[in-house]
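Protein chains: 2
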Amino acid sequence: MQNFEFHNPTKIVFGANTVAKLAKLVPETARVLILFGGASAEKTGTLAEVRAALGGRVVQEFGGIEPNPSYETLMGAVAKVRAEKLDFLLAVGGGSVIDGTKFVAAAALYDGEPWEIAQSGGAKVKQALPFGAVLTLPATGSEMNNGAVVTLKATHAKLPFRSALLFPKFSVLDPSKTFTLPAKQIANGLVDAFVHTVEQYLTYPVQALAQDRFAEGLLQTLVEIAPQALAAPDDYDTRANLMWTATLALNGLIGAGVPQDWATHMIGHELTALYDIDHARTLAIVLPALLNVQRDTKRAKLLQYGERVWGIAKDSGSEDERVDAAIAATRGFFESVGIATRLSGYQLGQEAVEAVLAQLAEHGMTSLGEHRDIDLARSRVILEAAL
Amino acid sequence: MQNFEFHNPTKIVFGANTVAKLAKLVPETARVLILFGGASAEKTGTLAEVRAALGGRVVQEFGGIEPNPSYETLMGAVAKVRAEKLDFLLAVGGGSVIDGTKFVAAAALYDGEPWEIAQSGGAKVKQALPFGAVLTLPATGSEMNNGAVVTLKATHAKLPFRSALLFPKFSVLDPSKTFTLPAKQIANGLVDAFVHTVEQYLTYPVQALAQDRFAEGLLQTLVEIAPQALAAPDDYDTRANLMWTATLALNGLIGAGVPQDWATHMIGHELTALYDIDHARTLAIVLPALLNVQRDTKRAKLLQYGERVWGIAKDSGSEDERVDAAIAATRGFFESVGIATRLSGYQLGQEAVEAVLAQLAEHGMTSLGEHRDIDLARSRVILEAAL
Chain A
1 MQNFEFHNPT KIVFGANTVA KLAKLVPETA RVLILFGGAS AEKTGTLAEV RAALGGRVVQ
61 EFGGIEPNPS YETLMGAVAK VRAEKLDFLL AVGGGSVIDG TKFVAAAALY DGEPWEIAQS
121 GGAKVKQALP FGAVLTLPAT GSEMNNGAVV TLKATHAKLP FRSALLFPKF SVLDPSKTFT
181 LPAKQIANGL VDAFVHTVEQ YLTYPVQALA QDRFAEGLLQ TLVEIAPQAL AAPDDYDTRA
241 NLMWTATLAL NGLIGAGVPQ DWATHMIGHE LTALYDIDHA RTLAIVLPAL LNVQRDTKRA
301 KLLQYGERVW GIAKDSGSED ERVDAAIAAT RGFFESVGIA TRLSGYQLGQ EAVEAVLAQL
361 AEHGMTSLGE HRDIDLARSR VILEAAL
Chain B
1 MQNFEFHNPT KIVFGANTVA KLAKLVPETA RVLILFGGAS AEKTGTLAEV RAALGGRVVQ
61 EFGGIEPNPS YETLMGAVAK VRAEKLDFLL AVGGGSVIDG TKFVAAAALY DGEPWEIAQS
121 GGAKVKQALP FGAVLTLPAT GSEMNNGAVV TLKATHAKLP FRSALLFPKF SVLDPSKTFT
181 LPAKQIANGL VDAFVHTVEQ YLTYPVQALA QDRFAEGLLQ TLVEIAPQAL AAPDDYDTRA
241 NLMWTATLAL NGLIGAGVPQ DWATHMIGHE LTALYDIDHA RTLAIVLPAL LNVQRDTKRA
301 KLLQYGERVW GIAKDSGSED ERVDAAIAAT RGFFESVGIA TRLSGYQLGQ EAVEAVLAQL
361 AEHGMTSLGE HRDIDLARSR VILEAAL
């Protein structure tokens, strides 16, 4: 096991009818900015519940945070926080709204050009406003971690950042808030949580037995619940399992003490920035191709994954056959929830390979993966395998 | 899944050579009391490492905290904290030292008779000194939770308490600190962590899929590492897995959103208080008997446990045969690490049954278990089954 530090101070309030608990979670004297995305937060009644719970406080609102939240949009919220002297942020939405809120929390107190926060990967964050979240879309795990991704529309740059100052103080997770989500968003959430788990698990063995079991347990759970999560929008327990599993997939726990491989995310981010493909769908394009290209360095874990998650027994074939079967099962899982796993499924071809490679070069993404061996040449092999 | 709140702000610093990090973890202006147990902390050199890391601070020491720490002993530390105006506690040891430190942290600032802290289950704790821990004995999980148990020697009362104010600020977990532990302590740690996990898992199904997988993963890990943990004291990775697994077994995570059954602990505590049997050994006596007596209300989870942890396949027998096999495997695991699982193994007989029942009555432990259906009559059946 590798040495590690683990510290996750976010308080989780999980369950049905928990939005009302905001009344106690948000300080009574707070001057609050509620941040949200599109019209659904209003239509579903969630915003009304939030407003009611915050009764008695100064409350302003900032809507219109888009998927893959942009610097350009978020700076509007920063201006509002500064002008109105607001001191507590409350994200109401999914990972994009929470990520955007993290940027606003840091940017509002930042001396200088706030884009530097993203450019520095978060290293330049020295203070941040406190914030909480009401999660309505299970997928990214942003509700219980200190990371975020923002996009500079002007240059199609989608950059991740993190800071110990950017954990939510609390997150309210009410699974019934997911009942009204379109099936497409649930499918995205299943794939996003699956790939988050894989990127902290499918590397090389370091004798981290509990971390492996936890990761496998999350993957098994996602596979188990996927059909019902799509078929029965108001099945509370299934949605509760999706919500909690997606949170656990990226709260730092399964990644503590193990190598990590975020190459799929880094390549996927470029696809989103260039072509506006949903984040989870870019992961579904890249991961199966990447696993195939990296099959030698990942062999031991691919075999373990195949056996424990997919039941591909040791005596079922040669090592390469079992690796093939594990990758095929992964691709099959993504396809089974309606998500295409090749660039061609998104009407993209060789021109996209070239464009993504140019962006990876531009962003310095030239040594990705747990061994830092995915250079631009290997990213090309991966992308061409994903055509 | 049941509604839950989860909040665990303890920072974990895990790995080889991490004690030196105390230099940054403990505030520079702190007036520190180091609390420890017997002579081993000095002999192994751990105390010297701790002192060196704290250089420059006011540091006092309080040794002699016994296993199952007593109010009588701990009040000596409380007096020292008050007399010397110390403001930060550092536990160096295992669960008993950390539990004792939690009591001192609350008692030093308590207005009134500090035993009320234990009598109130922690409800009366309104403030506490900050404290950290250097863990040297993996077992209880106290290093990453807010609970503790203290004993009033005068009346043989062993009482648990907890408070949101009693999380360690940090815990340093260096697996190499366990190399010098006697095999008996490692065996105790394996059983303690195993039973902690079981008490949050073997109840009734509530569709908490990830929690179940996590619990099963911890149990599988303990079973997998036990032989090597005993045979090879200086196998770093094995000890690292034991240490992290024991922490995860009782940090609130696997118990979030599920029913819990702490009857084994409550009955076991009386055996320790009366006969000074190691905590883990009391659990090994009670649990197999309790599972057998409660087999009907626990049936679904016992079958799942048998299948997933012990490989007892659905087609291997009738339900009762598979439940029998799961309980036998549990007992066999405890015996395999050298821990007797019957009262007779500790030279105790019917007189102990009567004495424990009297203590349970005295302490109001008359409705234990996840269904509150373990009254004194059922505790008698359990204890007599453990003869």
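Quick mapping for you: the protein sequence lines, in order, are chains A and B.
Each residue of the first sequence is one higher than the one before, starting from 1 at the first, in full-length UniProt numbering.
Each residue of the second sequence is one higher than the one before, starting from 1 at the first, in full-length UniProt numbering.
We put the CB at the ideal spot given by N, CA and C, even for glycine.
Since this is a predicted model, take the numbers as computed values, not measurements.
To the nearest angstrom, report how far apart residue i and residue j are at their CA atoms.
i                      : j                      : result
residue 301 of chain A : residue 278 of chain A : 28 Å
residue 262 of chain A : residue 273 of chain A : 17 Å
residue 230 of chain A : residue 213 of chain B : 22 Å
residue 177 of chain A : residue 137 of chain A : 8 Å
residue 386 of chain A : residue 354 of chain A : 13 Å
residue 215 of chain A : residue 258 of chain A : 11 Å
residue 196 of chain B : residue 242 of chain B : 14 Å
residue 209 of chain A : residue 286 of chain A : 27 Å
residue 305 of chain A : residue 319 of chain A : 12 Å
residue 356 of chain A : residue 144 of chain B : 44 Å
residue 139 of chain B : residue 181 of chain B : 12 Å
residue 109 of chain A : residue 125 of chain A : 9 Å
residue 238 of chain B : residue 308 of chain B : 22 Å
residue 404 of chain B : residue 130 of chain B : Outside the shown range of chain B, which is 1 to 387, sits residue 404 of chain B, and nothing can be said about it.
For a test of the three-state rule: what should DSSP assign to residue i, helix, strand or coil?
i                      : result
residue 12 of chain A  : strand
residue 161 of chain B : strand
residue 254 of chain A : coil
residue 217 of chain A : helix
residue 249 of chain B : coil
residue 269 of chain A : helix
residue 381 of chain A : helix
residue 132 of chain B : strand
residue 210 of chain B : helix
residue 6 of chain B   : strand
residue 374 of chain A : strand
residue 368 of chain B : strand
residue 236 of chain B : helix
residue 222 of chain B : helix
Check for me: the alpha helix (DSSP H) holding residue i runs from which residue to which?
i                      : result
residue 289 of chain B : 279 to 293
residue 89 of chain A  : Run containing residue 89 of chain A: none in the alpha helix (DSSP H); it sits in the beta strand (DSSP E), 88 to 93.
residue 327 of chain B : 319 to 336
residue 306 of chain A : 299 to 310
residue 195 of chain A : 183 to 199
residue 108 of chain B : Counting along the chain, residue 108 of chain B falls outside any alpha helix (DSSP H), and DSSP gives it neither H nor E.
residue 117 of chain A : 115 to 119
residue 386 of chain A : Here residue 386 of chain A belongs to no alpha helix (DSSP H), and DSSP marks it neither H nor E.
residue 389 of chain A : Only positions 1 to 387 of chain A appear in this structure, which leaves residue 389 of chain A out of reach.
residue 43 of chain A  : 40 to 43
Check whether the Cβ atoms of residue i and residue j sit closer than 9 Å, and answer yes or no.
i                      : j                      : result
residue 192 of chain B : residue 95 of chain B  : yes
residue 53 of chain B  : residue 22 of chain B  : yes
residue 339 of chain B : residue 246 of chain B : no
residue 3 of chain B   : residue 330 of chain A : no
residue 104 of chain A : residue 134 of chain A : no
residue 371 of chain B : residue 159 of chain B : no
In terms of residue numbering, what span does the beta strand (DSSP E) encompassing residue i cover?
i                      : result
residue 60 of chain B  : 58 to 62
residue 170 of chain B : 170 to 173
residue 31 of chain A  : 31 to 36
residue 139 of chain B : Unbroken run through residue 139 of chain B: none, as it is neither H nor E.
residue 78 of chain A  : Element bounds for residue 78 of chain A: not the beta strand (DSSP E) but the alpha helix (DSSP H), 71 to 84.
residue 150 of chain A : 147 to 152
If you count every other CB in all the chains shown that lies within 10 Å of the CB of residue i, and 16 or more means buried, which is it?
i                      : result
residue 155 of chain B : exposed
residue 82 of chain B  : exposed
residue 100 of chain A : buried
residue 270 of chain B : buried
residue 294 of chain B : buried
residue 72 of chain A  : exposed
residue 67 of chain A  : buried
residue 316 of chain B : exposed
residue 260 of chain A : exposed
residue 276 of chain B : exposed
residue 127 of chain A : exposed
residue 29 of chain A  : exposed
residue 174 of chain A : buried
residue 347 of chain A : exposed
residue 200 of chain A : buried
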